[in-house]
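Numbering (this note's numbering), first residue to last: 19 to 398. No residue lacks a Cβ here, since even glycine has one placed at the ideal position from N, Cα and C. Bear in mind that the values here come from a model prediction, so they are computed numbers and not experimental data. In what follows, a single structure is set out as structure tokens and then discussed.
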């Protein structure tokens, strides 16, 4: 779990706290913004920033990754995150060979957001009991994720903490977290500091729900409607509901690193995770965004919305809605970026532009929604 203002999740016991009996929200599903309960913790963490002056941190806490200054030219980017309650879906399906991909993806994609090339990962796996078959499957996923990202796994830790974990079945509880480091030239750190009105937002397609919003999706499908993970919706084609929700998070490293290596002038990279498209507002520049050509979200999101009667504003404030990564560039390089994405088999779209008309806000034109980090999305 990252220490960040927008997109953090504090996992509660799953009790409904707010929202109407019919329409579910993320908070009603038991997930609360971290700043509401973790403020005291973050206050202590923030005080550590000045403790190592030889290798100082270059960014404030709260961005997708931070950068440590190693020398006059090179920075070490670092990020950490976990798979979250997607693990419960793996337990329900008895399929553990993809959550390792998610663990790698959540971290390497965050490291990309500061303009860094991911280099290495370490993992932490906590289990109730050592099941060799489960461990092998998780390891296989970690390998495939590392292979896609072009990183090595430098080490890790397996902790058996039987009394502290619980899962879908007794003895099956586990948690999986990774930390990724990458390298970035100090003069190429990207945090959206140079965004200007008229810059173009390119959205890169997600592979589905990724690793955020699973608590709400599970509550809707499995708690409220009592569906099986093997349930089939015609909209999902050949995949069962469980298989669709378990689809691994996309790893965007090869295509983005190619752009960075060729020094394509990318002004911002944002990983669309918890908080959905509101992650765009984490950039440094005090600008706003108009997203006027968003593609139609994949069917899984309309199924979540209709079965949970989830307000449209809530959907866009929780889920990626089909966009897993955003790149903000000058108009002159849009075609080059789109061509690179296509070369790597990624669908990407021009979805909007930067504006000064409403700083620190996002306007979803077709949806009639305005979003801010404090209020989320609201109808306008």
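Helix, strand or coil at residue i [DSSP, three-state]
i           : result
residue 334 : helix
residue 70  : coil
residue 176 : strand
residue 289 : strand
residue 329 : coil
residue 397 : strand
residue 343 : strand
residue 113 : coil
residue 171 : strand
residue 258 : coil
residue 301 : coil
residue 103 : coil
residue 39  : Low local confidence applies: a pLDDT of 46 at residue 39 is under 50, so the model's placement there is unreliable, with the coordinate-based value given in what follows. It is coil, neither helix nor strand.
residue 30  : With a pLDDT of 33 at residue 30, under the threshold of 50, the modelled position of that residue is not reliable, and no figure is offered here.
residue 317 : helix
residue 251 : coil
residue 377 : coil
residue 310 : coil
residue 108 : helix
residue 428 : What is shown of the chain runs 19 to 398, which leaves residue 428 out entirely.
residue 183 : coil
residue 229 : coil
residue 242 : helix
residue 47  : coil
residue 370 : strand
residue 121 : helix
Residue i, buried or exposed, once every other Cβ within 10 Å from all chains shown has been counted against 16
i           : result
residue 182 : exposed
residue 110 : buried
residue 88  : exposed
residue 224 : buried
residue 229 : buried
residue 377 : exposed
residue 39  : Residue confidence for residue 39 is low, a pLDDT of 46 falling below 50, so the modelled location carries little weight; the figure read from the coordinates is stated next. Flag for residue 39 reads exposed.
residue 90  : exposed
residue 316 : buried
residue 151 : exposed
residue 329 : buried
residue 323 : buried
residue 69  : exposed
For residue j and residue i, the rounded distance between their alpha carbons
i           : j           : result
residue 80  : residue 67  : 12 Å
residue 47  : residue 260 : 19 Å
residue 34  : residue 133 : Reliability of the predicted coordinates at residue 34 is poor, the pLDDT of 34 falling under 50, and the value obtained from them is presented with this limitation in mind. Those two C-alpha atoms are separated by around 39 Å.
residue 58  : residue 306 : 30 Å
residue 287 : residue 209 : 7 Å
residue 162 : residue 74  : 33 Å
residue 107 : residue 205 : 42 Å
residue 379 : residue 187 : 43 Å
residue 241 : residue 325 : 11 Å
residue 226 : residue 232 : 11 Å
residue 354 : residue 341 : 19 Å
residue 140 : residue 148 : 19 Å
residue 352 : residue 119 : 29 Å
residue 382 : residue 309 : 5 Å
residue 166 : residue 215 : 35 Å
residue 302 : residue 65  : 21 Å
residue 55  : residue 49  : 11 Å
residue 262 : residue 278 : 32 Å
residue 135 : residue 126 : 8 Å
residue 19  : residue 84  : The predicted model places residue 19 with a pLDDT of 40, which falls under 50 and marks its position as unreliable, so this point remains unresolved.
residue 372 : residue 99  : 29 Å
residue 348 : residue 211 : 13 Å
residue 82  : residue 289 : 8 Å
residue 221 : residue 77  : 25 Å
Residue range of the beta strand (DSSP E) that includes residue i
i           : result
residue 156 : Not the beta strand (DSSP E): residue 156 falls in the alpha helix (DSSP H), residues 150-167.
residue 99  : 92-100
residue 84  : 84-87
residue 353 : Note, residue 353: premise wrong, no beta strand (DSSP E); alpha helix (DSSP H) at 352-361.
residue 197 : 192-203
residue 77  : Premise fails: residue 77 is in no beta strand (DSSP E) and is neither H nor E.
residue 132 : Looking at the DSSP string, residue 132 is not in any beta strand (DSSP E), and its letter there is neither H nor E.
residue 211 : Note, residue 211: premise wrong, no beta strand (DSSP E); not H, not E.
residue 222 : 218-223
residue 389 : 387-390
Nearest-angstrom beta carbon gap, residue j and residue i [assumed within contact, 8 Å]
i           : j           : result
residue 386 : residue 397 : 6 Å
residue 168 : residue 272 : 7 Å
residue 94  : residue 86  : 4 Å
residue 264 : residue 116 : 6 Å
residue 114 : residue 155 : 4 Å
residue 312 : residue 369 : 5 Å
residue 144 : residue 177 : 5 Å
residue 130 : residue 274 : 5 Å
Extent of the continuous alpha helix (DSSP H) to which residue i belongs
i           : result
residue 275 : 271-279
residue 60  : 57-64
residue 235 : 232-236
is_contact[residue i, chain D] using C-beta, thresh 9 Å
i           : result
residue 128 : Considering every chain present, this structure includes no chain D. It has just one protein chain.
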